[in-house]
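In terms of the working numbering, the sequence shown has 100 at position 76, counting the first letter as 1, and numbering is strictly consecutive.
Where is the CB? At the ideal position from N, CA and C, for every residue including glycine.
From a predicted model like this one, the values you see are computed outputs, not experimental measurements.
First comes the structure, then the notes that go with it.
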Amino acid sequence: MADEPTLTLKGVSKRFGAVVALRDGELDLYPGSIHALVGENGAGKSTLVKIIAGLYHRDTGDFELEGRPVNFRSTADSKAAGIAVIYQEPTLFPDLSVTENVFMGRQLTKGMGMIDRPAMRAEVEGLMRRLGVQLDPDRPADGLSIADQQIIEIAKAISLDAKVLVMDEPTAALSGVEVDRLFAVARSLRDEGRALMFISHRFDEVFDLCDTITVMRDGAYISTMPTADTTTGQIVKMMVGRDVNELFPKLEATIGEPVLSVKGLTRPGVFSDITFDVRAGEIVALAGLVGAGRSEVARAVFGIDAYTEGSVTVGGALVKPNNPGAAMALGVALVPEDRRKQGLVVDAPVRTNLTDAIRQRLVRFGLITGARENVAARQWARKLEVKTSALDAVAGTLSGGNQQKVVLAKWLATDPKVLIIDEPTRGIDVGTKSEVHRMMSELACGGMAILMISSELPEVLGMADRVLVMREGRLTAALDRAEADPESVMRAATQAEEAA
């Protein structure tokens with residue numbers, strides 16, 4: 025690591041009216057190093073990144089780049105100074121090619137001011153070789169995976185000779201293979217002497233990739249330490265301000281008779297012969313790699329998607345296929361994988377989202393009164409400890425963890441017998457993760473049957489009474505809690521061993 029930092033922030037603060045979003049922000053990014061920034065949602069990470077990116081202007085504090093004071097007034101200022109931010113969901117022009125996106129607004133020209141397309145294409149080919157990635161320079165961005173779109177953003181940053189790359193939750197929507205590729209690219213950029221910052225809620229990734237970790241809490245800088253000198257437990261304690269001894273507070277529930285029974289469920293090309301039960305008081309995890317068909321099974325069980333063979337019963341009653349209303353009437357609830365696109369009306373008030381699944385119950389004489397809706401919304405916001413300035417606040421402005429609580433509350437308000445919860449803690453901070461896990465455990469203790477789909481192996485092993493593993497649309501293992509471990513789950517996820 026070099027002696028002098030490429031980027032330095034010291035004593036940086038930012039207010040929005042009476043709300044202090046950031047106070048005493050502090051950060052040093054060194055060339056040839058990958059620096060993690062961690063903290064719960066609301067810790068101030070996003071505000072800090074937006075100051076670096078030129079979206080926000082700091083109120084107080086010092087900001088230096090290569091030892092010189094900077095005062096960005098726009099994102100253009102930040103980019104011109106050599107800073108690139110790679111977001112979780114890149115914002116490319118879908119109708120333009122990979123090459124055109126890389127050179128957007130700064131096309132290479134030749135004689136008479138003509139755009140030199142061959143030169144641009146050749147440069148993009150060279151960038152892809154340098155990154156160790158195979159990506160057609162002529163392919164339109166539309167339809168590319170999130171992982172490939174991120175590579176385009178990184179290629180653009182390199183072509184601009186960016187000194188600092190900030191990666192904000194870049195792995196949230198990536199598969200394991202895509203994460204490995206991204207990390208290989210990040211390490212190659214580090215080895216070129218660039219300064220990288222990596223923001224993530226996933227501690228395994230932080231410890232695998234990063235050289236240094238900075239922790240933030242409640243809008244303030246807490247500490248910075250070499251990754252090799254700390255542990256997950258120490259980081260968690262600094263993030264939440266308390267000991268979190270159990271990230272997975274699993275309570276021992278009394279497991280009863282089967283509530284949800286799935287028999288021979290088949291949808292050609294998607295999943296085949298899926299058979300399992302979930303009993304009262306039981307948490308069953310559906311594990312596997314991205315693309316194994318887990319979410320598709322959940323959607324079919326709930327009636328969103330059709331299936332050609334098999335049956336779903338709840339409490340012995342047959343659920344009518346391809347009919348979510350029938351599933352709900354029998355007591356099935358689904359908390360979907362993508363809370364913003366599938367679980368929330370992001371532009372609607374928190375109140376409306378909380379009562380969305382029970383609106384028929386609030387109708388009197390053909391109308392929903394505001395008073396009845398407010399009582400129900402307030403009750404569920406309190407139960408799940410949703411942090412919001414007001415029930416009229418727009419749902420999309422809440423933190424990821426509080427958005428997830430709203431979606432969970434919406435479905436718990438229906439008083440379900442079966443809760444299907446897809447990626448329950450994706451993209452939320454460690455403190456809220458623990459709260460969601462506690463709620464799930466308490467629901468199971470109350471007799472609810474829970475089917476959990478998760479791509480986080482520690483969550484699967486920490487919360488499930490049984491683990492069902494899928495590979496390429498088929499169940500390949502059914503493991504009791506005592507026999508499930510990382511090796512057995514991953515072996516079943518990557519090898520076609522049929523479940524007994």
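Unbroken alpha helix (DSSP H) run spanning residue i, endpoints
i: lysine 180; result: 170-183
i: leucine 72; result: 69-77
i: alanine 350; result: 348-353
Contact under 7 Å by Cβ, residue i with residue j
i: arginine 82; j: valine 36; result: yes
i: glycine 317; j: glycine 497; result: yes
i: alanine 517; j: arginine 495; result: yes
i: glycine 367; j: proline 360; result: yes
i: leucine 151; j: alanine 105; result: no
i: alanine 165; j: leucine 116; result: yes
i: lysine 34; j: aspartate 86; result: yes
i: asparagine 346; j: alanine 330; result: yes
i: threonine 99; j: proline 161; result: no
i: isoleucine 474; j: leucine 503; result: no
i: isoleucine 223; j: aspartate 204; result: no
i: alanine 311; j: valine 513; result: yes
i: glycine 56; j: arginine 214; result: yes
i: arginine 505; j: proline 273; result: no
i: valine 283; j: lysine 441; result: yes
i: histidine 59; j: methionine 221; result: yes
i: alanine 219; j: threonine 30; result: yes
i: valine 431; j: proline 448; result: no
i: threonine 290; j: glycine 334; result: yes
i: glycine 471; j: glycine 305; result: yes
i: aspartate 112; j: alanine 196; result: Inspection of the sequence shows that residue 112 is occupied by glutamine rather than by aspartate. A contact, by the Cβ cut-off of 7 Å.
i: glycine 424; j: methionine 240; result: no
i: valine 188; j: isoleucine 175; result: no
i: proline 250; j: threonine 238; result: no
Supposed contact pair residue j and residue i - C-beta distance, whole angstroms, cut 8 Å
i: alanine 405; j: alanine 433; result: 7 Å
i: threonine 32; j: aspartate 52; result: 5 Å
i: methionine 464; j: isoleucine 279; result: Actually they do not touch by this definition, with Cβ atoms about 15 Å apart.
i: lysine 186; j: isoleucine 107; result: Before going on, a small fix: residue 186 reads as alanine here, not lysine. At roughly 6 Å, the Cβ-Cβ gap stays under 8 Å, so alanine 186 and isoleucine 107 are in contact.
i: threonine 73; j: valine 109; result: Correcting the residue type first, residue 73 is valine in the shown sequence and not threonine. Right, their Cβ atoms sit about 7 Å apart.
i: valine 1; j: threonine 299; result: In the structure as shown, the chain starts at 25 and stops at 524, and residue 1 therefore has no counterpart that could be examined.
i: alanine 357; j: leucine 378; result: So it is not a contact: roughly 14 Å between Cβ atoms.
Three-state class that DSSP yields for residue i in the structure shown
i: asparagine 269; result: Note that asparagine 269 scores a pLDDT of 48, beneath 50, so its modelled location is shaky and nothing firm can be said.
i: glutamate 397; result: helix
i: valine 374; result: helix
i: alanine 304; result: coil
i: threonine 84; result: strand
i: threonine 32; result: strand
i: leucine 89; result: strand
i: alanine 104; result: helix
i: valine 359; result: strand
i: isoleucine 382; result: helix
i: glycine 317; result: coil
i: serine 37; result: strand
i: glycine 340; result: coil
i: valine 525; result: Nothing in the structure corresponds to residue 525, since the chain is present only between 25 and 524.
i: phenylalanine 326; result: helix
i: glutamate 50; result: strand
i: arginine 163; result: coil
i: asparagine 99; result: Strictly speaking, residue 99 in this sequence is threonine, with asparagine absent from that position. Helix at threonine 99.
i: leucine 415; result: coil
i: glycine 584; result: This structure cannot speak to residue 584, because the chain is shown only from 25 to 524.
i: alanine 405; result: helix
i: glycine 293; result: coil
i: glycine 596; result: No information on residue 596 is available, as it lies outside the stretch 25 to 524 that the chain covers here.
i: glycine 150; result: helix
i: glycine 156; result: coil
i: leucine 467; result: helix
i: threonine 299; result: strand
Residue i: CB within 6 Å of a non-hydrogen atom of the ligand ZN
i: threonine 518; result: The ligand ZN is not part of this structure, which contains no ligands at all.
Residue interval of the beta strand (DSSP E) (run including residue i)
i: methionine 191; result: 188-192
i: methionine 472; result: It is not in any beta strand (DSSP E) - methionine 472 carries neither H nor E in the DSSP assignment.
i: glutamate 113; result: Unbroken run through glutamate 113: none, as it is neither H nor E.
i: serine 199; result: Looking at the DSSP string, serine 199 is not in any beta strand (DSSP E), and its letter there is neither H nor E.
i: leucine 602; result: Residue 602 lies beyond the range of the chain shown here (25 to 524); nothing can be said about it.
Neighbour flag for residue i against chain D, beta carbons, 7 Å
i: aspartate 160; result: Here chain D cannot be found, since the structure has a single protein chain.
Whole alpha helix (DSSP H) elements within the stretch 418-463, 4-residue minimum: Counting whole runs of 4 or more residues, the stretch 418-463 contains the alpha helix (DSSP H) stretches 424-436.
Any beta strand (DSSP E) of 3 or more consecutive residues that is wholly inside the stretch 480-517: List check, beta strand (DSSP E) in window: 490-495 and 498-504.
Length-filtered (4 minimum) alpha helix (DSSP H) runs lying within the stretch 201-284: Taking 4 residues as the shortest admissible run, the stretch 201-284 contains the following complete alpha helix (DSSP H) segments, listed from N- to C-terminal end: 227-233 and 256-264.
Sequence ranges, alpha helix (DSSP H) only - wholly within the stretch 115-148, length at least 4: You should have 122-126.
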